[in-house]
Amino acid sequence: MKKTVLITLMVIYYSNSFSQEKATLTKGETINYLNKKIKETDGQEATWNPWEGDDRQYFWSADNTIYLDNDNVTVEYQYSNYGKNASRMKEELRQRANGNTYTYQTVRIYPCDYYEKRILYKLNPAHIVSVQNLASSGKSGAIGYVEIALVNAVSTQKNKKWTTESYFRDYGIESNEAHCYSLNSTIKDYGSIKRIYFPFLSSDPSNFEKIKKALNHLAQLYKAEDDPFGN
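Here you go:
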């Protein structure tokens with residue numbers, strides 16, 4: 458009987474110890490965990506996002522990242538309307554400046570409707586008030602979004618978009634093939650905002666709850682740091 462009680466107490470002790478260990482992740486460890494989660498989107502396909510709607514499919518970048526930036530956290534991710542191998546190097550017969558002769562040059566070419574977009578948020582997690590799962594809205598694809606609502610317009614958002622700038626027809630074998638090249642970038646600064654969106658691999662049903670717990674834990678760490686004796 459005593460042996461059974463002892464074993465039961467040991468199981469309870471180690472279970473509690475394990476739970477406390479998970480709950481006491483540091484700020485850096487929690488951010489590293491969220492960074493691992495956002496990187497799971499690399500190479501995945503989505504049929505929608507909160508900005509362009511349902512018309513296109515997006516392929517996500519290995520550059521997706523979450524990191525500590527002084528007192529804030531930065532969330533950064535990138536997508537395109539084509540896959541990773543949309544561009545290619547090609548030797549093109551190009552017209553010289555004098556307009557009379559041609560020479561071959563190696564250039565990177567793209568489909569003419571190609572674009573890439575990078576979205577960057579900065580926030581203080583202490584301002585998080587709710588975390589919602591947008592994947593439950595009936596959209597398809599491997600990518601879902603966590604919507605993070607903030608207490609006020611205290612986060613910032615900046616978008617950078619690359620589109621093809623130049624168009625030409627080469628004068629070589631593919632004389633009728635049109636190409637575009639020379640990606641041109643534009644930056645749009647949204648200033649202060651109240652909601653940010655966190656892409657995640659929604660094909661794993663457990664992912665949202667894990668990310669939500671990590672975000673709420675991070676918020677509590679920031680709040681405790683800001684006001685150690687607050688509620």
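If you're matching positions, the sequence shown starts at 458 in my numbering and goes up one per residue. Glycine included, C-beta positions come from ideal geometry on N, C-alpha and C.
How far does the alpha helix (DSSP H) with Gly485 in it reach, from first residue to last?
Lys484 to Lys496
Touching or not, the region 647-661 and the region 608-621, by the rule of three or more beta carbon pairs under 8 Å?
yes
Under the three-state reduction of DSSP, which class applies to Leu466: helix, strand or coil?
Bear in mind that a pLDDT of 45 at Leu466, under 50, signals an unreliable position, so the number given afterwards is only what the model happens to contain. Helix at Leu466.
Separation of Tyr490 from Ile469, as counted between CA atoms:
Unreliable positioning characterises Ile469 in this predicted model, as indicated by a pLDDT of 49, which lies under 50. A coordinate reading is not provided.
Helix, strand or coil for Lys670? Go by DSSP, reduced to three states.
helix
From Asp570, Cys569 and Glu548, pick the residue whose C-alpha is nearest to that of Gln562; which is it?
Glu548
Check Tyr571 in the structure and name its three-state DSSP category.
coil
Is it buried or exposed, Gly601, if we count other Cβ atoms within 10 angstroms and call 16 or more buried?
buried
Which whole-angstrom value is the C-beta distance of Asn492 and Tyr524, which I expect to be below 8 Å?
7 Å
Can you round the beta-carbon distance between Phe657 and Thr498 to whole angstroms, since I take them to be within the 8 Å contact cut?
7 Å
Might you give, ordered along the chain, the residues of its own chain that have their beta carbon closer than 7 Å to the beta carbon of Ser544, omitting 5 neighbours on each side?
Arg565, Ile566 and Tyr567
Find out if the Cβ-Cβ distance for the pair Lys579, Asn506 is shorter than 9 Å.
no
At the level of alpha carbons, what is the spacing between Thr531 and Lys484?
13 Å
What do you get for Ile630, buried or exposed, if any count of 16 or more other CB atoms within 10 angstroms of its CB means buried?
Reliability of the predicted coordinates at Ile630 is poor, the pLDDT of 42 falling under 50, and the value obtained from them is presented with this limitation in mind. Exposed is the call here.
State the DSSP-derived secondary structure class of Tyr679, mapped to helix, strand or coil.
helix
Out of Asp526, Glu573, Asn527 and Tyr536, which has the shortest C-alpha to C-alpha gap to Phe655?
Tyr536
For Tyr679, which residues of its own chain have a beta-carbon under 7 Å away from its beta-carbon, when the five flanking residues on both sides are left out?
Asn581, Pro582 and Ala583
Am I right that Ser642 and Lys617 are in contact with their C-beta atoms under 8 Å? What's the rounded C-beta distance?
6 Å
Please tell me whether Ile495 and Tyr534 are closer than 9 Å, where the distance is taken between their beta carbons.
yes
Just mark Ile605 as buried or exposed, buried being the case when its beta carbon has 16 or more other beta carbons within 10 Å.
buried
Looking only at C-alpha atoms, which of Lys669, Gln501, Lys670 and Ser518 sits nearest to Ile576?
Ser518
Considering just the uninterrupted stretch of the beta strand (DSSP E) at Asp526, what are its terminal residues?
Thr522 to Asp526
Could you tell me if Glu478 is buried or exposed, where buried requires 16 or more neighbouring beta carbons within 10 angstroms of its beta carbon?
Summary for Glu478: the model assigns pLDDT 45, below 50, so the residue's position carries little reliability, and this model does not support an answer.
Grouping DSSP H, G and I as helix and E and B as strand, with all else coil, what is Glu631?
For Glu631, the predicted structure reports a pLDDT of 46, less than 50, and the residue's modelled location is therefore unreliable. The matter cannot be settled from this model.
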